[in-house]
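First up is the structure itself, then whatever we jot down about it.
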Amino acid sequence: FTAANGDRASAANYYVFAIDGVRSGASIQAEYIMKGWPSTVFAIDINSGYEKEYRRTAGVNSRYFYASSYANLSAIESDVIAAITKCPVPQPVTTTDGSLMFADVSAPCLNSLIYLYPEDLTEGKDGGQNTMYLMTDFVYTITSCSRITSWEFSHWKSGYIDFMVWRPSGSNYKLVAYNTIYVSGKNTTTYTVVEYERIAVLHGDVIGWRSKGDNLVTSGPCLGPCAEGYKVSPNNVQIGEEFDWTNSGTSINGTAYAIKACLEDNEAIAFPTSTLSAKIPDHLPVGSFVTLLEPDGADYAEVVNYTVLQHPSYPNSMEYFNVGETSGQITVAKRFLKAKVKNDYAFLVRAKDSCNTTATATVSIQTQNMPPEVLGMPNIISITEETDGDTKLYTTIVEDPSGDSVCCSLESTLPKTNNFVVFGNDTGIRVNYSIMASDAPAFSYRQYNSYIVKLCCDDDEDKSTGVLIVNIKKPNKTTTYEPPGWFMLSIGLSCVPIFLMALMACVVLIQTMFVPEELKKK
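Note that the UniProt record's numbering has the sequence shown beginning at 1, numbered continuously upward.
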């Protein structure tokens, strides 16, 4: 309302909010407007789903009107007009000098409207570099237990922005969480946060932001009182850390920023089922992980507190488990009793979220006696056909994790054979067992070149089987060649002519070389 537009100090200001399913921050704006009495606010709720909030927007029920749809607005038209025409107007008061004047009307801070409408500030740049911002004014303060559904803001160039939620912590503020958003170019953007990243906020939380490099959020000068806040550099605070904004930051003076957060009701917490079950071995050491409590409705950055209660049917179960107060992680707190087959434990868990809504479930945990573990199987070995009797072929360690005594035996072989036996004379929870060749094995590659040998180990509660594959190596034998009988006869007969020719040659040679000529002539 301005004088240029016909506003008069003697006339009351009437504001009519038409609200549908998108939350607009109307209740915050109305709260500010009504500080400037005689401003009067009316709320027309078009099936928004937030009746309580928008009744507060109007201030009194007589100025709140509900329509099931835009098409049904005509049904409440006469009631709205009647209410407006009956609104109070400023009453004249008599001053000390006897003159008459109307009650003073203070104009709302301009930047509170900018907070609600970032598109009104798109040009200003504050020149901030690697700067972090915190807005502490009431228009930026969360007024209910809720969660952030969207961020609306104007930016002057591309880049990343962290939109942050801070929580008062003594004289400091703790960074609760932030949504990182990439923006492109110069624009006014409404970023709808994905469901699993909607930050849970509490009454009194405030918002802020930071950019790496230039501050991307646009701004402008305030014509009236500006929203309070701080800015600081560097901007490397991490989630969960506290920061002293008052002493380390610089007050924001004369500048309004184009940023707005929209909220919705915090989702009530609930467990998916009334009983949460888990099965675990009975030999888990103290500190071992058991399971994790994951209730529905726990929002991003929301702290859920867990309380353990005794189950009436299992009064001693609580001493065996720890439940993380805020993590919901269940771990082993005490060594379990050894189960004959299985043991049952149960206790109650109550979860409370940041809005103080609670959910209770029964946690049922069953411990089981675990079978022996054959540590060296399955495996594969190879032997020769000539393997001697009573030879150790393979030795394995058998251990029972539940602490029971173990006994192992030969369960079966495939194909069936008497070539293998099992030997072991140790006792206790960790023993050695050997698979051996029998006293008179008969391994034949041609008959069977592979065997599957099964070792059965029993702790009187449960059984487990180890498998060993025994391959028979292909033999590598050399055979001496024996020629047929006729071969030697043919060799002998073929040598007779050669022998005769050699003999005759020798006679001729001797006669020629050694017999005198006189004897030759005789």
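Don't be surprised by glycine CBs; every beta carbon is placed ideally from N, CA and C. On a predicted model such as this, the values are computed, not experimentally measured, just so you know.
query = Roughly how many angstroms separate the alpha carbons of Pro90 and Asn13, rounded to a whole number?
reply = Confidence at Pro90 is low in this model, with a pLDDT of 41, below 50, so its placement is unreliable and no value can be given for it.
inquiry  = Considering only their Cβ atoms, is the gap separating Asn471 from Ser364 smaller than 8 Å?
reply    = no
request  = Excluding the 5 residues preceding and the 5 following Asn235 in the sequence, name in chain order all residues of the same chain whose CB lies nearer than 7 Å to its CB.
outcome  = Asn130, Thr131, Met132, Arg210
task = Report the residue ranges of all alpha helix (DSSP H) runs contained in full by the region 425–471; include only those spanning at least 4 residues, in chain order.
result = none
inquiry  = Here's the rule: buried if 16 or more other CB atoms are within 10 angstroms of the residue's CB, otherwise exposed. What is Ile269?
reply    = buried
message = Out of Ser68, Arg63, Val303, which one is the CA nearest neighbour of Gly49?
response = Ser68
ask   = Considering Tyr230, what are the terminal residues of the alpha helix (DSSP H) in which it resides?
value = Unbroken run through Tyr230 is the beta strand (DSSP E), 229–232; no alpha helix (DSSP H).
ask   = Taking Asn356 as the reference, which of Val201, Tyr66, Phe17, Glu195 has the closest Cα?
value = Val201
request  = Compute the Euclidean distance between the alpha carbons of Pro484 and Asn476, then round it to the nearest angstrom.
outcome  = 25 Å
inquiry  = According to DSSP, is Val308 part of a helix, a strand, or is it coil?
reply    = strand
query = Can you tell me whether DSSP reads Phe42 as helix, strand or coil?
reply = Assignment of Phe42 by DSSP, reduced to helix, strand and coil, places it in the strand class.
inquiry  = Quick check: what's the CA-CA separation for Leu410 versus Lys338?
reply    = A straight line joining the alpha-carbon of Leu410 with that of Lys338 spans about 28 Å.
inquiry  = Closest to Gly328 by C-alpha separation, out of Phe336, Asn47, Ser169, Val290, would be which residue?
reply    = Val290
query = So does the region 372–386 actually touch the region 410–420, counting three or more Cβ pairs closer than 8 Å?
reply = no
Any chain B beta carbon closer than 8 Å to Ile252 = This model lacks chain B altogether, as it is built from one protein chain only.
key: Beta-carbon contacts of Gly428 that lie in its chain and below 7 Å, excluding the five residues immediately before and after   = Same-chain partners within the cutoff: Ser405.
query = How many angstroms separate the CA atom of Glu123 from the CA atom of Ser219?
reply = 7 Å
ask   = Which word fits Met513, buried or exposed, when buried means at least 16 other C-beta atoms lie within 10 angstroms of its C-beta?
value = exposed
task = Using only alpha-carbon positions, find the residue among Arg56, Ser288, Val303, Asn61 that is nearest to Arg167.
result = Val303
ask   = Could you give the distance in angstroms between the alpha-carbon of Cys145 and the alpha-carbon of Lys340?
value = 50 Å
request  = Express the C-alpha separation of Leu503 and Leu509 in angstroms, rounding to a whole number.
outcome  = Cα atoms of Leu509 and Leu503: separation of roughly 10 Å, rounded to the nearest angstrom.
task = Indicate the three-state DSSP secondary structure (helix, strand or coil) for Lys52 in the structure shown.
result = Helix, per DSSP.
task = Leaving out five residues on either side along the sequence, give the residues of the same chain with a beta carbon under 7 Å from the beta carbon of Thr180.
result = Tyr160, Asp162
query = Relative to the alpha-carbon of Val193, which residue among Lys212, Glu264, Thr250 has its alpha-carbon at the smallest distance?
reply = Glu264
Beta-bridge pairing of Ile510 - partner residues as DSSP gives them = Note: Ile510 sits in no beta bridge, so no partner.
task = Please name the residue in Gly208, Tyr445, Thr190 whose C-alpha comes closest to that of Ser154.
result = Closest by alpha carbon: Thr190.
task = Keeping to the same chain, check which residues put their C-beta closer than 7 Å to that of Ser251; ignore five residues upstream and five downstream.
result = Tyr230
inquiry  = On the DSSP bridge list, what partners appear for Gln329?
reply    = Leu292
query = Is Ala333 near Phe271, with beta carbons less than 8 Å apart?
reply = no
ask   = Do residue 528 and Pro221 have their CB atoms nearer than 8 Å?
value = The question about residue 528 has no answer, for the chain in this structure spans 1 to 522.
message = Between Phe42 and Tyr15, how many whole angstroms is the CB-CB distance? I'm expecting something under 8 Å.
response = 7 Å
ask   = Under a Cβ-count criterion, where at least 16 other Cβ atoms within 10 Å of its own Cβ denotes burial, should Asp282 be classed as buried or exposed?
value = buried
ask   = Between the Cα of Met164 and the Cα atoms of Lys157, Trp156, Thr188, Thr136, which residue gives the shortest distance?
value = Thr136
inquiry  = Using only CA atoms, which one of Thr143, Asn322, Gly213 lies nearest to Ile207?
reply    = Thr143
query = Nearest CA to the CA of Tyr345: which residue from Asn316, Pro415, Arg446, Leu121?
reply = Of the listed residues, the one whose Cα sits closest to Tyr345 is Asn316.
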